Amino acid sequence: MDRLAAIQVRLRQFSAEREWEQFHDPKNLSMTIASEAGELLAELRWVAGDASDEHVRSAPAREKIEHEVADIAIALLLFCERAKIDLLDAIDRKIGLNAHRYPVELAKGHPDRPASSD
32 MDRLAAIQVR LRQFSAEREW EQFHDPKNLS MTIASEAGEL LAELRWVAGD
82 ASDEHVRSAP AREKIEHEVA DIAIALLLFC ERAKIDLLDA IDRKIGLNAH
132 RYPVELAKGH PDRPASSD
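Position one of the sequence shown corresponds to residue 32 (the numbering used here), numbered consecutively onward.
Okay, structure coming up:
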């Protein structure tokens, strides 16, 4: 069993022991993902963009940021399980789609979607 599968088993067991599955419908889980992403954002809210790399690696902020990242990942894994989405397959397909939408020759060095794609 790979590490991701082992974590998914632990999450299932954790939720089952607490009878939390009843709260884990797609709507609630999507709201949890957004809420936890907001908590991650709050950790960086007043940090200057050019200082954010250093901030996320600094000892005072690191643990809080890791906790928020973990909360997001946990909620995402629970959402994918409930919605029967294979997360790794979805990521793989999305990377392929993005490669089509953002061809290197049009997107290199530019964060916006090229007007001529799609």
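C-beta: ideal position from N, C-alpha, C; glycine also. All values reported here derive from a predicted model rather than from experimental measurement.
- In the DSSP annotation of this structure, the continuous segment of the alpha helix (DSSP H) that includes Ala65 starts and ends at 57 to 75.
- Here Val78 carries a coil assignment [DSSP, helix/strand/coil].
- Distances from the alpha-carbon of Arg93 to those of Asp117, Leu71, Arg113, Phe110 put Leu71 closest.
- By the neighbour-count criterion, in which 16 or more other beta carbons inside 10 Å mark a residue as buried, Leu128 falls on the exposed side.
- Ala114 and Pro57 have their alpha carbons spaced roughly 7 Å apart.
- The three-state secondary structure of Pro145, taken from DSSP, is coil.
- Per DSSP, the unbroken alpha helix (DSSP H) holding Lys125 starts and ends at 118 to 132.
- Rounded to whole angstroms, the separation of the alpha carbons of Asp33 and Val87 is 28 Å.
- Taking 8 Å as the cut-off, the Cβ atoms of Glu67 and Ala36 do not count as close.
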